[in-house]
Amino acid sequence: MSRLIVSLVVLLVIVIGALFFFAGRAGEKPTARIEKAVELGNLAS
Numbered sequence: 429m430s431r432l433i434v435s436l437v438v439l440l441v442i443v444i445g446a447l448f449f450f451a452g453r454a455g456e457k458p459t460a461r462i463e464k465a466v467e468l469g470n471l472a473s
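The following block contains the structure:
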């Protein structure tokens with residue numbers, strides 16, 4: 429195989445891998461709101 433063909437195959441594999449990687453990251457989880465009771469003694473400090 430010539431270097432050109434090997435380089436093109438490697439580049440193609442990297443591009444396809446990047447597409448799958450970014451496609452998997454696209455599903456963002458909605459932020460969950462967490463409410464926590466805070467003691468008034470902590471606010472006075």
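Number 473 marks the last residue of the sequence shown (our numbering); no jumps. We put the CB at the ideal spot given by N, CA and C, even for glycine.
- Scanning its chain for C-beta atoms nearer than 6 angstroms, with the 5 sequence neighbours on each side dropped, one finds no residue around Ala465.
- In the three-state DSSP reduction, Ile444 falls in the helix class (H, G or I).
- Distance from the CA of Leu447 to the CA of Val437, rounded to the nearest whole angstrom, comes to 15 angstroms.
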